[in-house]
Amino acid sequence: MNARPDAASLPIRLADYRAPAWRVERVELDFELGIDATEVTAKLLLRRDPAQHAPLRLDGENLELLAIALDGQPLPATAYRTIEGGLEVDGARDGSVLETRVRVLPAANTALEGLYLSGPRETGFLLTQCEAQGFRHITYFPDRPDVQSSYTVTLRADRARFPVLLAGGNPDGAGELPGGRHWARFADPHPRPSYLFALVAGRLEKIERDYRTADGRDVQLKIWAEADAIASCHYAMDALERSMRWDEQAYGRNYDLDVFHVVATHDFNMGAMENKGLNIFNTKCLLADPDSSTDDEYRRVEAVVAHEYFHNWSGNRVTCRDWFQLSLKEGFTVFREQSFSADMNSAPLKRIEDVALLRRAQFPEDAGPLAHPVRPAEYREINNFYTATVYEKGAELVRMLAGRLGAEGFRRGTDLYFSRNDGRAATIEDFLAALGEANGIDLTPYLAWYGQAGTPRLKAHGEYDAARREYALTLAQYTPPGAGQPHKQALPIPVKLALFGADGRMLPLHLDGQTAATEAVVVLTEAEQHFVFRDVAERPVPSLLRGFSAPVILECDYTPAELALLLGHDPDGFNRWEAGQQLALRACDALRDDADPQAVAAWCDALAALFDDAQLDAALLADLLTPPGEIELAERESVVDPARIHALRQQLQRRLAARIGGGKLDARYRALAAQSTAALDAASQASRRLKQRVLHLLALLDPASACDHAATQYRDAPGMTDRLGALAVLARHDGVRGTESLAHYRARYANDPLALDKWFALQAQLPGEGALARVQALEADPAFTLKNPNRARALLGTFASGNPTGFHRADGAGYRLYAERLLALDALNPQIAARLATAFNGWQRLEPRRREAAHAVLATLSAHDGLSRNLAEILGNMLK
Ligand code: ARG
Ligand code: ZN
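Residue numbers (our numbering): 21 to 900.
Here is the structure:
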């Protein structure tokens with residue numbers, strides 16, 4: 021019964037979509053909960069599509085069928101049969117009621133999909149994860165998002181072992197049962213797909229708050245966690261309230277049940293899950309307290325709480341017709357979260373962070389063997405498609421649409437989208453149609469973005485004609501072939517732009533007879549187009565793609581001096597940072613090829629000047645002082661040598677540190693350290709960020725004095741940001757104090773899993789020769805386990821994705837160890853194994869020795885018997 025689904029099974033295709041032949045109007049679920057075994061009784065009121073004659077087929081996996089009856093009559097064994105991945109039942113009619121009873125085994129469920137146990141069997145609690153297809157691990161059901169049903173759920177369990185019983189929907193009764201047992205019932209007035217089902221049962225504590233929605237509903241907000249974690253949930257509660265208020269104002273969306281539950285678990289495959297009325301979070305994305313969370317983690321908690329809450333409309337009230345439409349809810353919801361976070365914090369910093377993530381995670385995906393469109397055309401294992409492309413690129417597509425319509429037009433469009441599709445399972449076409457119709461604009465050209473993989477390259481070239489006072493900008497686009505798409509079409513690319521004079525001021529724009537202010541958006545729709553600006557007083561420097569107005573790679577023939585001008589003056593915070601990044605890339609190329617010393621000097625000089633600019637926001641300065649990461653640098657190479665890229669980036673930063681000067685770095689560090697507090701306001705966070713960056717640069721110049729500062733900072737740190745930052749510097753630059761501080765931290769946080777994850781991750785990232793041995797030693801730490809996804813990711817995932825020199829050892833030993841662990845993980849948790857395997861993405865472009873080593877490891881791994889469908893699909897694509 022534990023047989024793996026056929027790893028070589030045929031792909032599922034969007035083109036084959038058919039509406040369900042059978043729907044379920046009402047579901048009554050009854051759970052007899054137990055840690056080792058739980059019995060689930062399901063009563064389904066069936067509806068048949070009169071136009072289709074397919075037999076009744078229900079999905080079901082790893083279920084032990086105990087009883088089955090149709091319309092009250094037990095079914096003889098001849099009237100139903102188990103088929104691959106489910107059950108086929110004869111004799112059902114429209115209006116029939118099918119009743120099944122099955123047994124599932126929560127404690128044995130290491131895949132963390134369906135019903136499972138979080139924590140030790142004596143003290144842990146039961147919970148579910150159903151997206152995408154976990155519900156079929158709980159009961160027999162047409163487990164697809166276009167089947168929407170009304171749910172009534174009854175939970176029964178031993179009261180002492182499971183004092184708290186929760187399911188989605190509104191509470192609908194509770195009471196005692198004989199033998200120390202009790203029950204609780206929940207009814208959801210909103211029909212919903214099975215992937216949004218959830219239950220939680222166990223010993224949990226809560227915090228609560230009353231909330232009144234803008235449309236007058238009184239809602240109880242409750243956050244649940246195990247006793248040792250509940251005190252760290254207050255920040256999430258504040259973030260939840262802010263999210264609810266924001267969605268009322270920004271999108272006119274109100275919450276629609278009387279209770280909203282949020283539950284925290286340490287054992288979770290993803291970040292969090294938006295189950296209707298019962299969101300479940302990885303503790304990593306929910307708990308926040310100054311002693312164990314960094315500033316970045318605080319922002320992440322706020323963002324994920326908002327994301328899951330926003331799904332109540334973009335995902336739950338309006339859901340997806342099929343899983344190909346996943347970005348309909350995920351891309352839109354990421355975009356909603358990005359706008360919320362920009363409003364709550366600094367908008368330019370949020371944009372910089374999101375674009376950096378896109379470039380680090382999505383661009384490489386889009387350029388390699390795992391590339392797929394935002395709306396894929398086919399998949400074998402849907403869990404492999406919760407990707408940066410579907411989420412982050414999907415959000416960029418929504419951002420382009422929002423930009424095209426303007427704030428008011430976009431709101432008109434989303435209002436129409438929500439009202440027209442409420443209670444429906446929708447498609448990307450429905451989304452574009454509503455946004456377009458509300459504004460009288462045809463948005464169908466944007467559909468091409470959803471179907472075409474690959475990152476477009478945007479080439480820009482400007483010509484100034486002094487005699488005619490005209491500036492002609494030529495824009496051209498090209499998307500390289502890939503992902504089974506040999507010829508890519510031209511896409512609509514909105515380019516927000518401004519022109520700068522030599523004094524660093526923006527020039528007025530005269531385009532097509534229109535006079536805008538100093539900023540305009542031109543949309544490139546063809547392979548190549550010219551845009552002529554008139555009455556331009558001097559040769560301008562263009563600031564292109566402001567705010568990153570489209571997810572493309574811009575290639576523009578700037579001189580270093582022009583980039584330096586934008587870096588010094590562009591009031592668009594994002595483009596200012598971007599000019600610095602482009603200049604850093606030039607500087608990096610110059611160092612590599614031993615050429616163009618001006619590029620290095622231009623970058624260093626411009627940043628040295630900004631370093632002295634007292635007006636500049638400290639957090640922006642910190643980001644400006646950070647060159648593109650090693651992954652981004654590798655993306656630009658046709659042959660990748662990770663060790664060389666690492667050395668180059670270090671060299672570049674050392675040049676910057678030297679140009680600013682040790683004295684100035686030291687003075688700035690001391691000034692920032694003197695203001696150190698535990699406060700979480702933006703200015704305090706910004707000052708910590710800059711302090712860490714300055715310390716890092718100082719360490720490249722003068723490791724001894726940087727480590728003295730770090731030792732003091734570690735000892736006196738008022739919070740985790742400072743403590744972890746200091747620890748990273750010590751661990752990297754000071755053998756003795758590094759080891760001591762790591763041991764001290766290990767003991768101080770022995771009982772704090774999230775703080776321990778950071779301890780594993782920090783060490784997994786330490787570059788160089790010793791990295792692999794260090795990882796092996798850490799695997800022997802009693803706190804290490806492959807069974808907890810956070811822990812496996814912290815050590816192994818960080819090693820493979822965050823330690824290029826360690827993982828990509830030239831002898832291939834890093835790959836071999838990693839592949840062994842993937843195999844072990846695959847037997848426990850296929851989703852996590854497949855996710856971690858994507859760290860091999862890009863292996864084809866490695867220099868020959870590493871490439872051969874990686875290839876050998878991947879080929880051996882993929883030839884292994886009994887791989888999960890998840891891992892088999894990733895490896896298969898990787899080797900295609
Ligand atoms: N819908 C969740 C989110 O908000 C992600 C859950 C995906 N889970 C999975 N096992 N694929 O992003
Ligand atoms: Zn989501």
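Backbone N, C-alpha and C define an ideal beta-carbon position, used for all residues, glycine too.
query                                                                                                                                                                      : result
When you compare only the Cα positions, how much space is there between Asn-22 and Asn-336?                                                                                : In this prediction, Asn-22 has a pLDDT of 39, which is less than 50 and means its spatial position is unreliable; what the coordinates show is noted afterwards. Answer to the nearest angstrom: the Cα atoms are 32 Å apart.
Exposed or buried, Arg-141, counting other C-beta atoms within 10 Å across all chains shown (16 or more means buried)?                                                     : exposed
Could you give the distance in angstroms between the alpha-carbon of Ile-448 and the alpha-carbon of Ala-830?                                                              : 45 Å
Following a CB-centred definition, is Thr-353 positioned closer than 7 Å to any heavy atom of ligand 2?                                                                    : yes
Below 7 Å, is the gap between the Cβ of His-920 and the nearest heavy atom of ligand 2?                                                                                    : Past the edges of the chain, shown from 21 to 900, lies residue 920, and the structure says nothing about it.
Apart from the five residues just before and just after Pro-580, which ones in its own chain have a Cβ nearer than 7 Å to its Cβ?                                          : Leu-603, Arg-606, Gln-618, Ala-619 and Ala-622
Can you look up Glu-652 in the DSSP assignment and give me helix, strand or coil?                                                                                          : helix
For Leu-478 versus Val-572, is the C-beta spacing smaller than 8 Å?                                                                                                        : yes
By the three-class DSSP mapping on this structure, what secondary structure does Asn-22 have?                                                                              : Here Asn-22 scores only 39 on pLDDT, less than 50, and its place in the model should not be relied on; the value that follows carries that caveat. If DSSP states are grouped into helix, strand and coil, Asn-22 belongs with coil.
Using the C-alpha atoms, what's the distance from Tyr-318 back to Glu-373?                                                                                                 : 14 Å
According to DSSP, is His-73 part of a helix, a strand, or is it coil?                                                                                                     : coil
Decide yes or no for the touch test of the segment 789-806 against the segment 746-764: beta carbon pairs closer than 8 Å, at least 3 of them.                             : no
By a C-beta neighbour count over all protein chains shown, 10 Å radius and 16 as the cutoff for buried, is Lys-516 buried or exposed?                                      : buried
Tell me, please, whether the segment 589-602 touches the segment 546-557 by the rule of three or more beta-carbon pairs shorter than 8 Å.                                  : no
Between which residues of its own chain and Leu-895 is the CB-CB distance below 8 Å, once the five residues before and five after are set aside?                           : Ala-857, Leu-878, Leu-881, Ser-882 and Leu-887
So Ser-170 is in the beta strand (DSSP E); what residue range does that whole segment cover?                                                                               : 168-178
If we count the other Cβ atoms within 10 Å of its Cβ and call it buried at 16 or more, is Ser-704 buried or exposed?                                                       : buried
What number of angstroms, rounded off, separates the C-alpha of Glu-322 from the C-alpha of Ala-876?                                                                       : 43 Å
Would you decide whether Glu-546 is buried or exposed? Buried here means 16 or more other CB atoms lie within 10 Å of its CB.                                              : exposed
For ligand 2, any of its heavy atoms closer than 7 Å to the Cβ of Glu-350?                                                                                                 : yes
With which residues is Gly-502 paired in a DSSP beta bridge?                                                                                                               : Gln-505
Check whether the segment 92-99 touches the segment 36-54, taking contact to mean three or more Cβ pairs, one atom from each stretch, closer than 8 Å.                     : no
Alpha carbon to alpha carbon, how far is Ser-334 from Arg-889? Give it in angstroms, no decimals.                                                                          : 29 Å
Using only alpha-carbon positions, find the residue among Phe-330, Leu-717 and Ser-439 that is nearest to Thr-646.                                                         : Leu-717
Once you ignore the five residues that flank Gly-272 on each side, which residues in its own chain have a CB closer than 7 Å to its CB?                                    : Asp-435
Relative to the C-alpha of Gly-533, which residue among Gln-497, Glu-490 and Leu-564 is closest?                                                                           : Glu-490
If you draw a straight line from the C-alpha of Ala-628 to the C-alpha of Val-561, how long is it?                                                                         : 22 Å
Determine whether the beta carbon atoms of His-828 and Gly-834 lie at a separation below 8 Å.                                                                              : yes
Tell me whether Met-290 sits in a helix, a strand or coil according to DSSP, three-state version.                                                                          : coil
Excluding the five sequence neighbours on either side, which residues of its own chain have a C-beta within less than 6 Å of the C-beta of Ser-170, listed in chain order? : Arg-46 and Pro-211
Can you tell me which of the three DSSP states Asn-897 falls into?                                                                                                         : helix
Taking all protein chains shown into account, decide if Pro-648 is buried (16 or more other Cβ within 10 angstroms of its Cβ) or exposed.                                  : buried
Whole angstroms are fine: how far does the CA of Ala-859 sit from the CA of Gly-504?                                                                                       : 22 Å
Taking only runs of the alpha helix (DSSP H) that begin and end inside the segment 408-468, which ones reach a length of at least 4 residues, in chain order?              : 414-441 and 448-457
Tell me which same chain residues have a C-beta within less than 8 Å of the C-beta of Leu-630, skipping the five on either side of it?                                     : Leu-587, Gly-588, Leu-636, Leu-641 and Leu-644
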